[in-house]
Amino acid sequence: MKNILSLLSFTLAVQFGFSQIKFEERIEFEINDGFVSEKFHEMGEVGVIVSSRSSASSQGKHRWRFQLYDTELVSVWSENLDIDNSYILGETASTENSLHNFYRNRKGEFIIVSLEPLDREVTEVVGAFPKKTIVQSMQILGEYAFFKGEIKGSPYLFAVNWRTGKQKIVPIQIDNFKSKKIVIKDYQVLEDEREVFVFLQVFYKKNLELHIIQLNEESEKTNQYHFTDDIDKNIMSISVSKTDNGKYIFTGTYNSLSKNKISAGDIFSSLLTGRRGSKSARMMSSSEGLFFCEAQNNEISFVQYYNWLELDNFLSYLSDRKQGRIEKKNERKKAKGKQLTYNYLIADHDVQFVEDGYVFLGEAYYPTYRMEYYTSYQNGLPVTQTRTVFDGYQYTHAVVAKFGFNGELIWDETFEMFPAEKPYRVKRFISTPDNLEDALYMVFSSNGRIITKAINFDGIVIENKASEEILTDNQNDTIKYTTSNLDYWYGDYFLAFGFQKIKNKEEAKRKDRKRKVYYMTKISY
């Protein structure tokens, strides 16, 4: 992977109201050593896998390198794979015990590389999807890698056994609807329950409906919900959690935009390609608020909707001036009988079941775009044109809320977050230690610092602290620039990783006074 510059063991304790953070082992990797596209994958108590790709190809192949570091950040295993240049890395997914990379070429041929670091095993299976197949979003359940996709306009789930290469193609059907009127909005694997939930958008007579299909790990349908039956709402984002009492909780965002103003073509194009498309498709990324739903035994018990401004603290992360402007705008909308909408979606965490209700955590984000210039030719002459290109999701703040057993909102709390990256896939930046005895404890990285926050089940913030910057062990080092990501690792440990520009005027050699590195830091909480 990288030339290791240093393996550091240091402890920096930052005192908090109820806990402390310790920066423990740290390792740095030199940049520009012939490998790029570094990715960090936590594998529980087995360690961390760092993957990268050679910057140059040799004999028509790129080398992919996988290095395993143990919990002390010592390199203990390395594996190299040479893959033909025609294949690109399309998806990556992992479980606590395995890492899976999905490579695909333009012919629809694919390779799934699976690593099981505990046993030091690497499995490689090859195959091909049917012609004119679009696949996205790999998730792992047991020995199967699942993908959502479509063939000639009809939706399917694809399942590939990552040990044997055996394939399953699962048509997605709803009675009385043509398959080309159905699009897979999203799907979710519940690994512990061995279940798959498929969220479907159905466009019928100018109505946009949401259906949910529940499958077992053999891809057999076990339940189906018509989520928006007799409900005049558009569901913008949705996820599911299963509680200890066997009920399912669906959460997400919604809006009440006129369905007649949204074309099926725009919706399908947006869902399948991720492109912003026309104005009506852009409307599909705005939301009015949050919904909370309970379901059991094929029936929806209740659905509660809450406008963002019904949440007491939703705007609290903004300045007083910005809050005032939004509240005035909302009053003007209300006077006209309209609802104020926001360009926000929510990345939901699993809902937590507590003694007197449910605790919800969601990270608010919105899509961003940039203008891209390109040259086309008209009548033999070059013409410079522009197009709008998706530029990742910007995360801004998080919402914690408690709901009663009938979905009533009891309290809510909002806080700012500013992660180091704008991911192109929805992700969750906040880590929650497995401890819900008295409060929801949260750890995340924001503006190069580690933030710890805890909110008890009465809605009171009992901890809210920021660490110092993520430092090196050399007091003479000055960090000029840093990015930081923080993921839960195992036990009471987290992994911080990112990129840093470091300056040290005390180094004897001039070339050593400035360095650019990737780093990993083990953190205890």
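One gets this note's numbering by counting positions in the sequence shown from 1 and adding 626 to each. From the three backbone atoms N, C-alpha and C, an ideal C-beta is built for every residue, glycine too. A quick note: this is a predicted structure, and the numbers were derived from the prediction, not measured.
Q.
Buried or exposed, going by whether 16 or more other CB atoms sit within 10 Å of the CB of Val752?
A. Exposed: under 16 other Cβ atoms inside 10 Å.
Q | For Val1052, the three-state DSSP class (helix, strand or coil) | A | Looking at Val1052 - three-state DSSP - the assignment turns out to be coil, as it is neither helix nor strand.
Q: Check Asp745 in the structure and name its three-state DSSP category.
A: It is coil, neither helix nor strand.
Q) Should Thr854 go down as buried or exposed, given a rule of 16 or more other Cβ atoms within 10 Å for buried? A) It is buried - the Cβ of Thr854 has at least 16 other Cβ atoms within 10 Å.
Q: Out of Leu1066, Ala973, Tyr1119, point me to the one whose CA is closest to Pro993's CA.
A: It is Ala973.
Q) In chain order, what residues of the same chain lie with their CB nearer than 7 angstroms to the CB of Arg746, ignoring the 5 residues before and after it? A) Within its own chain, the residues whose Cβ lies closer than 7 angstroms to the Cβ of Arg746, once the five positions on either side in sequence are excluded, are Trp703, listed in chain order.
Q) By how many angstroms is the C-alpha of Leu937 removed from the C-alpha of Lys955? A) The straight-line gap from Cα to Cα measures roughly 16 angstroms.
Q) Can we say the stretch 1024-1044 touches the stretch 984-991, given the rule of at least three CB pairs closer than 8 angstroms? A) Enough Cβ pairs lie closer than 8 angstroms, so yes.
(Q) I need the straight-line Cα distance from Leu897 to Glu835, nearest angstrom please. (A) A caution first: Leu897 carries a pLDDT of 43, below 50, which makes its placement in the model too unreliable to give a value.
Q) So, Lys806 versus Ser780, is the Cβ gap smaller than 7 angstroms? A) Yes, Cβ-Cβ distance for Lys806 and Ser780 is below 7 angstroms.
(Q) Please report the distance separating the alpha-carbon of His852 from that of Ile1149. (A) Straight through space, the alpha carbons of Ile1149 and His852 are spaced by roughly 45 angstroms.
Q. Ser586 by DSSP, collapsed to three states: which one?
A. This structure cannot speak to residue 586, because the chain is shown only from 627 to 1151.
(Q) Report the start-end ranges of each alpha helix (DSSP H) in the stretch 913-977 that is 4 residues or longer and not cut off at the edges. (A) Runs of the alpha helix (DSSP H) inside the stretch 913-977: 946-961.
Q) Along the chain, where does the beta strand (DSSP E) that runs through Ser724 open and close? A) Careful: Ser724 lies outside any beta strand (DSSP E) and carries neither H nor E.
Q) Secondary structure at Val776, three-state DSSP: helix, strand or coil? A) Checking the displayed sequence, the identity of residue 776 turns out to be Glu instead of Val. Glu776: strand per DSSP, three-state reduction.
Q.
On the DSSP letters alone, give me the boundaries of the beta strand (DSSP E) that Thr1147 sits inside.
A. From DSSP, the beta strand (DSSP E) with Thr1147 extends over 1140-1150.
Q) Applying the criterion that 16 or more other CB atoms from any shown protein chain within 10 Å of the CB defines a buried residue, is Ser632 buried or exposed? A) The predicted position of Ser632 is uncertain, since its pLDDT is 45 and thus under 50; no value can be drawn from it.
Q: Taking all protein chains shown into account, decide if Asn1005 is buried (16 or more other Cβ within 10 angstroms of its Cβ) or exposed.
A: By the neighbour-count rule (16 or more Cβ atoms within 10 Å), Asn1005 is not buried but exposed.
Q. At which residues does the beta strand (DSSP E) containing Arg732 begin and terminate?
A. For Arg732, there is no enclosing beta strand (DSSP E), since its DSSP letter is neither H nor E.
(Q) Beta-carbon within less than 6 angstroms of Glu925's beta-carbon, same chain only, minus the 5 sequence neighbours each way: which residues are those? (A) Cβ within range, chain order: n/a, list empty.
Q) Name the DSSP beta bridge partners of Val672, please? A) Partner(s): none; Val672 has no beta bridge.
Q.
Here's a check: name, in chain order, each residue in its chain whose Cβ is nearer than 8 angstroms to the Cβ of Ile1056, leaving out the five neighbours to either side.
A. Answer for Ile1056: His975, Leu987, Glu989, Ala1024, Met1043, Met1068, Val1069, Phe1070, listed in chain order.
Q: Below 8 angstroms CB to CB, which residues in the same chain sit around Lys859 once its five sequence neighbours on both sides are set aside?
A: Excluding residues within five positions, the ones whose Cβ falls inside 8 angstroms are Tyr880, Asn881, Ser882, Phe917, Tyr931.
Q. What does DSSP give as the partner residues of Pro1008 in its beta bridges?
A. Pro1008 is bridged to Tyr1003.
Q. Just curious, the beta strand (DSSP E) that Ser655 is in, first and last residue?
A. Note that residue 655 is Phe in the sequence shown, not Ser. Start and end: 646-656.
Q: Could you please give the first and the last residue of the uninterrupted beta strand (DSSP E) stretch that includes Leu1121?
A: Boundaries of the beta strand (DSSP E) around Leu1121: 1119-1129.
Q) With a cut-off of 8 angstroms, do at least 3 Cβ pairs link the stretch 671-681 to the stretch 691-703? A) Short answer: they touch.
Q) If you follow the beta strand (DSSP E) that Pro797 is part of, which residue opens it and which one closes it? A) That run of the beta strand (DSSP E) goes 793-797.
Q) Grouping DSSP H, G and I as helix and E and B as strand, with all else coil, what is Ala890? A) Caution applies to Ala890, whose pLDDT of 39 falls short of 50 and renders its modelled position unreliable; the value that the coordinates give is listed next. Helix at Ala890.
Q | Spatial neighbours of Arg689 in its chain, beta-carbon cut-off 6 angstroms, leaving aside the 5 residues before and after | A | Cβ within range, chain order: Ser680, Asn706, Asp708.
Q: Tell me, please, whether the CB atom of Ile647 is closer than 7 angstroms to any CB atom in chain D?
A: Considering every chain present, this structure includes no chain D. It has just one protein chain.
Q.
I'd like to check one pair, Tyr1107 with Phe655: are the Cβ atoms closer than 7 angstroms?
A. No, the Cβ-Cβ distance between Phe655 and Tyr1107 is not below 7 angstroms.
Q | Straight-line gap, Glu953 to Gly1074 (C-alpha atoms, nearest Å) | A | Across the structure, Glu953 and Gly1074 are spaced so that their CA atoms are roughly 32 angstroms apart.
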